[in-house]
Amino acid sequence: MTEQIYSALIAILIGVSAVIIYFWGSNWILDALISKSSRANKEVLREKIRPWLFAGPALFFLTLYLVYPVFETLWLSFQNSDSTEFVGWSNYAWLFNDGQFHITLRNNLLWLIIVPTLSTVFGLAVAVLADRAKFGTIAKSIIFMPMAISFVGASVIWKFVYHYNGEGDTQIGILNAIVVAFGGEPQFWLSMEIWNSVLLMVILIWIQTGFAMVILGAALRSVPEETLEAAIIDGANRRQLFFRITLPQIMPTVIVVWTTIAILVLKVFDIVLAMTNGQWETQVLANLMYDWMFRGAGDFGRGSAIAIIIMLSVTPIMAWNIYRFRKDEAGR
Amino acid sequence: MSTQSSFLPRFFNGTALTALVILWLVPTLGLFVSSIRDKDQLAASGWWTSFNESKQVTFARTDLPETQQQIDGQFVLSGQLTADDGTVFTNVLAFGSSSRDPEEVPAGETATLKNGAQLTVNSDGSYTYVQDKEITGSRGKRIFFAYGQPPRFTLENYDNVLDKGKIGQAFLNTLAVTIPATVIPVLIAAFAAYAFSWMQFAGREWLFAVVIGLLVVPLQTSLVPLLRLYSDLGQMFGFESKGYPGVWMAHTGFGLPLAIYLMRNYMKSLPGDLIESARVDGASHFQVFTRIILPLSLPALASFTIFQFLWVWNDLLVALVFLGQGEDQIVLTAQLRALLGTRGSNWEVLTSGAFISIILPLLVFFALQRFFVRGLVAGSVKG
């Protein structure tokens, strides 16, 4: 055990010092080399090169790990399972005729509608309620806590909640215990189609509500007091105040929160893998992709085609983000 | 928003919030309570009853038939229910004649068995077995019964899962993955963010627009090409394609867009005069960055560090694809998932394992919540 701790520590040290040595070393070399040169504009030259020393490693990693793979995956999606032969659109044709893919698409659509919407609604509710309650700070911390828990950890937590013992046995899963206490029959929840997907969604809603709460809470606090006061003078009640004055002002943030969670939902993988591994018709895109990547010897053609589907579904949001950024920058 | 503070809405608010908080807390509470319960009690009763006596079902044998006595023309075996290991049962709730129904008759009453014998078990664990004929056989008769066990809390489950569940080793592996995979991108992104905010170079604007675009690129598109690249490079240069350096670099690549975006926005908001005057005094960009900007940017650095730490610690996908799944490399999330598969109904293993895997992120999270929240708000209100 101690030996392993040592090797881990050494590995950590090597990895981190390599980065530090690069930045210090490369800048030192740049200063040393160019100060020896006799050129008149050496300072100008130095400051032309230095930005690339600063941004170089980042650009390298971004290119190698994110940009190049998108194009490579696109190319691989037109090839056969071990990428030795060009097969045109056949991976996509197979995909769209595959019954399991239809179920997967249906599930992803359900996830996409239900999870971001409910997380946002709950998050907003907690943000509003906690602002008025005495124990608001503690309440917010508790709702926020699942954000720190891994999807796998959360899956264990909730699998225990959904646990099923045969009828007549004592139920140790709290959901079935409640059902039995009210005179119902215990259910093997994870095998009940559609409902099982909803129960998996509950896990992600449980995690993401804290995120929505924090962001929307910040937005709520930035709503100008005057707008509220003016409405009160005009005789607005609480409900009108919230739906007619507050909500419209924080709507842009609501949309940002919704889309951020929607992107996360498209990539959801761990929860489905750990809870059902796609059994009982709970499959989603990211897990289906993983499945094909490693099924048997791995079918990289089909796996890549599914990855491209995920990529395409986030592209509109990507374009929108870039558009917004350019507009903001132009306004500076 | 506290315009009308009449009692009823306030009461409703408080109740609704309390209900939500309980709903959010109960699943985690169940995990924690279960992880410190005796494993037999955990399997037999709900965790919300863990302070009650729990009912266990078992069987014990009577004394040997040779100890029978003849009383009033009947053959009687009597004694105290005792387990093989010598434990004496003193809290019997019910008993029965067969394993199928060990709770047929309440303690203190008499049951008639299939062979006509009369069996009485009292709640203190004493029994009498009465039969008209001589009692035969070389071993004692089996008695099936249910008994109450006082609640027992223990750390045995943790001992067990750390060692046999291999969670201890996985914890170290996760640290070995997480620390470099957090520090390296923070350093690299800080330099890049400075370049993007305060240095002049060709293509700066559109390169940053690309970074913004990369914020939402799903890492699924990267998996297959990188897996192939790693194994090709591994074959070419003769190293193992799955290992720590590969995972560090992958996490670095995937974490950089958010890191650069957060830190660039922060650095851009620092006063430009500060940098200008230092430059005029002859400081190079490297000196300005390390001596002025870096110390001032600590809050943004802290925000992203917590982000990346939580993300890497909690990651499963990258670890499954780029790390070996043997004991020397498997991380907590992957080990936990393996346990879900192989020990799916051993809740004492799963609950304690899960708790070990979430405790460090929870501590970091509660200690540094302020920075985390700041990072979240900065990262999404604009994006």
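Those sequence lines, one after another, are chains A and B.
Here the numbering used here is used: the first sequence runs in plain steps of one and ends on residue 415.
Here the numbering used here is used: the second sequence runs in plain steps of one and ends on residue 376.
Cβ coordinates follow ideal geometry from the N, Cα and C atoms, glycine included.
Identify which residue in the options has its Cα closest to the Cα of residue i.
i      : options                        : result
N404/A : I338/A, V367/A, M372/A         : I338/A
G249/A : V239/A, L347/A, V263/A         : V263/A
V26/B  : V366/B, W340/B, L361/B         : W340/B
L332/B : Q142/B, N153/B, V209/B, Q49/B  : N153/B
M256/B : T298/B, L86/B, G79/B, L226/B   : T298/B
E127/B : Q62/B, D321/B, V19/B           : Q62/B
F302/B : T167/B, G101/B, R93/B          : T167/B
G246/B : T336/A, F144/A, R133/A, G108/A : F144/A
A413/A : R145/B, A202/B, L369/B, P20/B  : A202/B
I352/B : V306/A, D114/A, A231/A         : A231/A
F189/B : N124/A, S233/A, M376/A, A138/A : A138/A
M394/A : M229/B, V210/B, A371/B         : V210/B
V204/A : A94/A, I186/A, A390/A, L299/A  : L299/A
S131/B : T60/B, T105/B, V176/B, R145/B  : T60/B
V209/A : K410/A, L356/A, F154/A, A295/A : A295/A
Q213/B : P152/A, S100/A, A345/A         : P152/A
I160/B : L356/B, A371/B, T335/B, T326/B : T326/B
V114/B : S71/B, L287/B, S345/B, T42/B   : S71/B
Y245/A : L258/A, A237/A, V235/A, G236/A : L258/A
Y247/A : T171/B, F88/B, S338/B          : S338/B
N108/B : L369/B, E102/B, Q124/B         : Q124/B
In the DSSP assignment, the alpha helix (DSSP H) including residue i goes from what residue to what residue?
i      : result
Y151/B : 149 to 156
L193/A : 182 to 215
S119/B : Counting along the chain, S119/B falls outside any alpha helix (DSSP H), though it belongs to the beta strand (DSSP E) covering 119 to 124.
A293/B : 291 to 307
L311/A : 308 to 316
T398/A : 383 to 413
Taking C-beta pairs closer than 9 Å, name the residues in chain B that residue i reaches, listed in chain order.
i      : result
Y89/A  : Those do not exist, as Y89/A stays about 11 Å from chain B at its closest Cβ, beyond 9 Å.
T310/A : Here the premise fails: no neighbours, minimum Cβ distance about 12 Å.
D114/A : S277, F279
M401/A : I205, G206, L207, L208, V209, V210
L149/A : L207, V210, L212, T214, S215, G246, F247, L249, P250
List the whole-angstrom C-beta distance separating residue i from residue j, where the pair is believed to meet the contact cut-off of C-beta under 8 Å.
i      : j      : result
L349/A : S396/A : 6 Å
Y237/B : A169/B : 6 Å
G39/B  : T253/A : 7 Å
Y148/A : S215/B : 6 Å
D56/B  : G133/B : 6 Å
V176/B : Y254/B : With a Cβ gap of about 19 Å, V176/B and Y254/B do not count as contacting.
M372/A : L283/A : In fact, because the Cβ distance is near 17 Å, the residues do not count as touching under 8 Å.
N370/A : L356/A : 5 Å
Residue i by DSSP, collapsed to three states: which one?
i       : result
F218/A  : coil
R54/B   : strand
I29/B   : coil
N322/A  : One point to set straight first is that residue 322/A is Arg, not Asn, in the sequence displayed. Reduced to three states, the DSSP call for R322/A is helix.
V69/B   : strand
K235/B  : coil
A302/A  : helix
K350/A  : coil
S(-5)/B : Bear in mind that the predicted position of S(-5)/B carries a pLDDT of just 44, short of 50, making it unreliable; the figure below should be weighed with that in mind. If DSSP states are grouped into helix, strand and coil, S(-5)/B belongs with coil.
R135/B  : strand
L369/B  : helix
P99/B   : strand
S277/B  : coil
I93/A   : helix
V355/A  : helix
L86/B   : strand
For the ligand ATP, is there a heavy atom less than 6 Å away from the beta-carbon of residue i?
i      : result
G334/B : As presented, the structure is devoid of all ligands, the ligand ATP included, so that no description of it is given.
Using a Cβ cut-off of 8 Å, pull out every chain B residue sitting near residue i, in sequence order please.
i      : result
I290/A : Chain B residues near I290/A: none, gap ~10 Å exceeds 8 Å.
V209/A : L10, L13
M296/A : Per Cβ cutoff of 8 Å: no residues; M296/A is ~10 Å from chain B at best.
V337/A : Ordered by position in chain B, no residue passes the 8 Å Cβ test against V337/A, which lies about 11 Å from the chain.
S280/A : Within 8 Å Cβ-Cβ: nothing; S280/A doesn't reach chain B, min ~18 Å.
Give me the chain B residues within the contact set of residue i, using Cβ-Cβ distance strictly less than 7 Å, ordered along the chain.
i      : result
G386/A : V217
D374/A : Going along chain B, no residue has its Cβ under 7 Å from D374/A, so there is no contact; the nearest lies around 12 Å.
Starting from residue i, find everything on chain A with Cβ-Cβ shorter than 8 Å and list it in chain order.
i      : result
Y187/B : F137
N84/B  : Ordered by position in chain A, no residue passes the 8 Å Cβ test against N84/B, which lies about 18 Å from the chain.
I181/B : V102, P140, A141, F144
What span of residues does the beta strand (DSSP E) with residue i cover, start to end?
i      : result
Y187/B : Run containing Y187/B: none in the beta strand (DSSP E); it sits in the alpha helix (DSSP H), 160 to 191.
G196/B : First-last for G196/B: undefined, no H or E at that position.
I64/B  : 62 to 64
L145/A : Looking at the DSSP string, L145/A is not in any beta strand (DSSP E); the run it does join, the alpha helix (DSSP H), is 125 to 145.
Please decide whether residue i counts as near chain D, where near means a Cβ-Cβ distance under 7 Å.
i      : result
N404/A : Of the chains in the structure shown, none is chain D; the protein chains are A and B.
What residues of chain A sit near residue i, judged by a beta carbon separation below 9 Å?
i      : result
Y140/B : Within 9 Å Cβ-Cβ: nothing; Y140/B doesn't reach chain A, min ~15 Å.
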